[in-house]
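Below you'll find the structure, written out as structure tokens, and then a few comments.
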Amino acid sequence: MPVLDLVIGPDPVFRQKALPVKVIDDEIRELCDNMLETLYAERGIGIGANMVGILKRVIVVDLQEEGVRKPLICINPKIIKASKEMEAREEASLCFPGIRAEIKRPNTITLSYQDQSGEKHTLEASDWLATVIQHEIEYLDGRTFLDNLSKMKRDRLLKKMHKQLKHNHDCDDPHCSHEH
Numbered sequence: 007m008p009v010l011d012l013v014i015g016p017d018p019v020f021r022q023k024a025l026p027v028k029v030i031d032d033e034i035r036e037l038c039d040n041m042l043e044t045l046y047a048e049r050g051i052g053i054g055a056n057m058v059g060i061l062k063r064v065i066v067v068d069l070q071e072e073g074v075r076k077p078l079i080c081i082n083p084k085i086i087k088a089s090k091e092m093e094a095r096e097e098a099s100l101c102f103p104g105i106r107a108e109i110k111r112p113n114t115i116t117l118s119y120q121d122q123s124g125e126k127h128t129l130e131a132s133d134w135l136a137t138v139i140q141h142e143i144e145y146l147d148g149r150t151f152l153d154n155l156s157k158m159k160r161d162r163l164l165k166k167m168h169k170q171l172k173h174n175h176d177c178d179d180p181h182c183s184h185e186h
């Protein structure tokens with residue numbers, strides 16, 4: 007299974023809404039597997055398909071608690087209920103490297119989705135899992151976690167990210183682990 011290339015933001019793909027998956031076939035199952043492989047290779051905990059440049063309503067999540075892989079693959083995920091109780095947590099994204107921000111979201115959600123065989127499921131998620139699912143679905147809806155911030159804070163974080171990326175690409179250290 008190939009590791010997919012992440013799209014680094016800001017990018018127009020993050021402003022586009024992902025399309026519902028009408029047929030869950032081998033192509034969609036392969037996309038799910040490749041997204042999961044990418045998630046592990048990038049040491050992430052969640053990826054929305056927009057993050058790899060594909061406008062399909064697919065997310066993969068694995069909190070890998072205590073080092074144990076328990077992947078959750080959601081095709082056509084939809085939040086059908088959200089608690090009024092909000093929780094602020096620090097969020098980051100593989101597509102916006104080196105920056106993070108505290109984002110307030112509902113602490114508990116109810117999610118409907120399909121698995122790779124097309125079977126429909128309902129999941130109640132809370133705490134960190136609920137945050138990660140909401141974060142990834144936001145990508146599918148043409149938004150990123152940065153859209154929850156003021157323009158000033160968002161611009162400051164993007165400037166910081168670009169500065170870090172430029173610095174990493176200008177590295178002359180032969181022992182540097184960054185890919186240039």
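Here our numbering is used: the first residue of the sequence shown is 7, the next is one more, and so on.
The C-beta atom is built at its ideal place from N, Cα and C for all residues, glycine as well.
- In summary, residue 115 is buried, with 16 or more beta-carbon neighbours lying within 10 Å of its beta-carbon over all protein chains present.
- Burial state of residue 63 is buried, judged by a 10 Å Cβ sphere holding 16 or more other Cβ atoms.
- The C-alpha of residue 146 is placed about 10 Å away from the C-alpha of residue 60.
- Membership of residue 82 in the beta strand (DSSP E) is indicated by the continuous run 78 to 88.
- The Cβ neighbour count for residue 72, taken over all protein chains shown within 10 Å, is under 16; the residue is labelled exposed.
- Residues 40, 43 of the same chain have their beta carbon placed closer than 8 Å to that of residue 8, with the five preceding and five following residues left out of the count.
- In chain order, 89, 91, 92, 93, 132, 133, 136 place their CB closer than 7 Å to the CB of residue 113, counting only its own chain and leaving out the 5 sequence neighbours on each side.
- For residue 59, the secondary structure class from DSSP, reduced to helix, strand or coil, is coil.
- Looking at the backbone, the Cα of residue 165 and that of residue 51 are separated by about 25 Å.
- Between the segment 97 to 107 and the segment 14 to 26 there are three or more inter-stretch CB-CB distances shorter than 8 Å, so the stretches are counted as touching.
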